[in-house]
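The structure appears right after this line, and notes come after that.
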Amino acid sequence: MKIGFIGLGIMGRPMALNLLQAGHELTVWARRAESMQPLLDAGASGADSPAGVAGVVDLLISVVADAPDVEQVMLGEQGVASADRAGLVAVDMSTIRPAAAREIGARLLEQGVDFLDAPVSGGEVGAIAGSLSIMVGGSVAAFETARPAFECMGKNIVHVGDAGAGQVAKAANQIVTGAGVLTVAEALNFAARSGVDPAKVREALLGGFAYSKILENHGQRMLDRNFKPGFKSWMHQKDMNIVMQSAHELGMCLPVAAATAQMYNAMLGSGLGEEDSIAILKLLERLSGAED
Amino acid sequence: MQIGFIGLGVMGQAMALNLLRGGHRLALWARRPEVLQPLLEAGAVACATPAAVGRRSEVVFTMLTAGADVERVALGLDGLVEGLSAASLLVDMSTIAPEMARSLALRLGEQGIDMLDAPVSGGGQAAAAASLAIMVGGKAAVLERARPLLELLGKTIVHVGDNGAGQVAKACNQMIMVGAIQAAAEALHFAAAAGADPAKVRQALAGGSAGSRALEIMGGRMVDRDFAAGVEARLHHKDYGILMQEAHRLGVPLPVAAQVWQQLNALMAMGWGRSDTASLLRVLEASQRAAG
Chain A
1 MKIGFIGLGI MGRPMALNLL QAGHELTVWA RRAESMQPLL DAGASGADSP AGVAGVVDLL
61 ISVVADAPDV EQVMLGEQGV ASADRAGLVA VDMSTIRPAA AREIGARLLE QGVDFLDAPV
121 SGGEVGAIAG SLSIMVGGSV AAFETARPAF ECMGKNIVHV GDAGAGQVAK AANQIVTGAG
181 VLTVAEALNF AARSGVDPAK VREALLGGFA YSKILENHGQ RMLDRNFKPG FKSWMHQKDM
241 NIVMQSAHEL GMCLPVAAAT AQMYNAMLGS GLGEEDSIAI LKLLERLSGA ED
Chain B
1 MQIGFIGLGV MGQAMALNLL RGGHRLALWA RRPEVLQPLL EAGAVACATP AAVGRRSEVV
61 FTMLTAGADV ERVALGLDGL VEGLSAASLL VDMSTIAPEM ARSLALRLGE QGIDMLDAPV
121 SGGGQAAAAA SLAIMVGGKA AVLERARPLL ELLGKTIVHV GDNGAGQVAK ACNQMIMVGA
181 IQAAAEALHF AAAAGADPAK VRQALAGGSA GSRALEIMGG RMVDRDFAAG VEARLHHKDY
241 GILMQEAHRL GVPLPVAAQV WQQLNALMAM GWGRSDTASL LRVLEASQRA AG
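What follows is the structure, given as structure tokens:
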């Protein structure tokens, strides 16, 4: 299939490489030309704008930072919508507000472009291994068109519902993982401050009801004090803001997510934004009297 | 002086009337013309558009709900900017995001129009009694031009800083005040559950270190179970959306405010948005009722 790929950062680059390696014909664009180079070296073609990509593909995928970036790529000057490609399927795999995804989808549909929101979970590791979880919102027909591409990038691929439903699932995912990273850090810090080896505690907990993938993977990285991203804190902070603003609009009570979001705010404010989200452990240590 | 006033809700009505009583000539515009009647009877003049208000006025006051409303009235189609002459002044007394206040000041400044953000605290009673607390952001010289008018509206007038600083102060005000209402609700709910008369507890506390305006006024409403607004809770909910978004932008943790926000979300979900914020007591009571 002729596939376009826009946004070649930590997540986008390995996802695009997996599409290439599966034999798809790839055309790429990125805001910074140097991000395109690894893909060009691997055999992809380059385009000079999102519209340039849209002009030559049947399926277009974007993985960028936030809603304004998606809007720019899809609806901006030289954007996908301006390419006059009725029948194109555009898939945004970034994490943005469900309401923004619905709005962008509706505006693309006016140009005959079918839109899917398909955010992912699994981090850089999952992107490289092609084992991401992909949560999809949009029409069944568009989903079937995109499925072969999804299968090159992910394992657990779920069509959740109509437009925006993928982003709702991702927001729910971020509630669980955001609070999960925080509770694992709290538990390990609690063990350490109580004079008990946190590595042993993690090992003991892994066999019981407190088992989680986060305790296993993130917990290990906390013990190794490996704060290299992975998934940068500022991105999780952005995602928690999506959750909390959505809860505000809906009028619903999310006490744990609210507390978690404040801890991520504190990470940004204390200069930990570029580190992995597990650096929340450093913040907890500081608030528990540890010297920096 | 020739003054314009836009935004004639409970607060705006009382404030406009005080300006009239101070001997000034008043030009008005409202989305719903029926709210104009009491002021027209008192001698004010109605205009067809905000632009027409601008043409007749040296100083215009706005008292609206959301930042988008202020933006539309000031800079939208037939907006104030189309009528105001250079060196005129817009005093926005609405509660909006500091970012929006700064952006409006900048854009009006390009047309030679000065702006103050001057949100207020004190509610309907203080508006009627001309005893509002007014928190002002903008240039000191501009405030001096507006001061004689502001003195007709409020008792405490503090120049907090540059444009936006008034809105920052107002956000701090809401943080403390609604937090105090929540604390009063929790204390009185606890008192009742523990078998003590909440009215007596409130009375006992009023004289000591826990005494506060919130305990006195909203606590009084809780004891009387009089939940008719004062200030409608939906407005406090709106304000929390603004201030938590600002905390997100700045990377500042607000753990208590985040929890108060969730209680306000629950209040909205229960349909009490148009009643008094003393309804936070009813949220606590609802969370204790047997589920089912």
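Residue numbers (the UniProt record's numbering), protein chains in the order written: chain A, 1 to 292; chain B, 1 to 292. Every residue gets a Cβ at the ideal spot worked out from N, C-alpha and C, and that includes glycine.
For residue i, the three-state DSSP class (helix, strand or coil)
| i | result |
| --- | --- |
| I176(B) | helix |
| M135(B) | strand |
| K2(A) | strand |
| A283(B) | A small fix is needed here, since residue 283(B) is Val in this sequence, not Ala. Three-state result, V283(B): helix. |
| G161(A) | strand |
| E232(B) | strand |
| N163(B) | coil |
| L287(A) | helix |
| G271(A) | coil |
| D276(B) | strand |
| G124(B) | helix |
| G271(B) | coil |
| G166(A) | helix |
| G138(A) | coil |
| residue 293(B) | Coverage of chain B is limited to positions 1 through 292, which leaves residue 293(B) absent and any answer about it impossible. |
| G112(B) | coil |
| G83(B) | coil |
| G126(A) | helix |
| G180(A) | helix |
| R72(B) | helix |
| M263(A) | helix |
| E151(B) | coil |
Contact with chain A by residue i, beta-carbon distance below 8 Å
| i | result |
| --- | --- |
| Q174(B) | no |
| M268(B) | yes |
| M244(B) | yes |
| N265(B) | yes |
| Q182(B) | no |
| W272(B) | no |
| residue 293(B) | As shown, chain B starts at 1 and ends at 292. That puts residue 293(B) outside it, with no answer to give. |
| L250(B) | yes |
| A229(B) | no |
| G241(B) | yes |
| P253(B) | yes |
| Q259(B) | yes |
Any chain B beta carbon closer than 8 Å to residue i
| i | result |
| --- | --- |
| Q174(A) | no |
| G251(A) | yes |
| A185(A) | no |
| G269(A) | yes |
| L206(A) | no |
| Q245(A) | yes |
| P255(A) | yes |
| H236(A) | no |
| N189(A) | no |
| A266(A) | yes |
| A290(A) | no |
| A258(A) | yes |
| Q262(A) | yes |
| G18(A) | Reading the sequence as shown, one finds Asn at residue 18(A) and not Gly. Cβ-Cβ to chain B under 8 Å: no for N18(A). |
Residues that DSSP places opposite residue i in a beta bridge
| i | result |
| --- | --- |
| D92(B) | T62(B) and D117(B) |
| S121(A) | S133(A) |
| L28(B) | F5(B) and A46(B) |
| T27(A) | G4(A) and S45(A) |
| I157(B) | I134(B) |
| L40(A) | In DSSP, L40(A) forms no bridge with anything. |
| L36(B) | Beta-bridge pairing links L36(B) to no other residue. |
| D78(B) | D78(B) is not bridged to any residue. |
| D276(A) | K232(A) |
| L116(A) | V91(A) |
| N18(A) | None; N18(A) has no bridge partner. |
| D156(A) | Strictly speaking, residue 156(A) in this sequence is Asn, with Asp absent from that position. Beta-bridge pairing links N156(A) to S133(A). |
Check: residue i C-beta below 7 Å from any heavy atom of the ligand MG
| i | result |
| --- | --- |
| E77(A) | Summarising the ligand content, the structure contains no ligands, and the ligand MG is consequently not present. |
Residues that residue i contacts on chain A, provided the C-beta gap is smaller than 9 Å
| i | result |
| --- | --- |
| V168(B) | Chain A residues near V168(B): none, gap ~16 Å exceeds 9 Å. |
| A199(B) | Under the 9 Å cutoff, chain A gives no residues; its nearest Cβ is about 28 Å from A199(B). |
| A52(B) | Simply none; closest approach about 34 Å. |
Neighbour list for residue i in chain A, Cβ cutoff strictly below 8 Å
| i | result |
| --- | --- |
| L280(B) | Here the premise fails: no neighbours, minimum Cβ distance about 12 Å. |
Chain-ordered neighbours of residue i on chain A, where CB pairs are closer than 7 Å
| i | result |
| --- | --- |
| H189(B) | Here the premise fails: no neighbours, minimum Cβ distance about 16 Å. |
| Q262(B) | C253, L254, P255 and A258 |
| Q288(B) | Going along chain A, no residue has its Cβ under 7 Å from Q288(B), so there is no contact; the nearest lies around 14 Å. |
| A146(B) | By Cβ distance, chain A contributes nothing, its closest Cβ being about 33 Å from A146(B), past 7 Å. |
Length-filtered (4 minimum) alpha helix (DSSP H) runs lying within the region 43-114 of chain A: Complete alpha helix (DSSP H) runs here, min 4: 50-54, 67-75 and 98-109.
Continuous alpha helix (DSSP H) assignments of at least 4 residues falling wholly in the region 202-238 of chain A: 213-223
Within the region 196-258 of chain B, ranges of the beta strand (DSSP E) (whole runs, at least 3 residues): none
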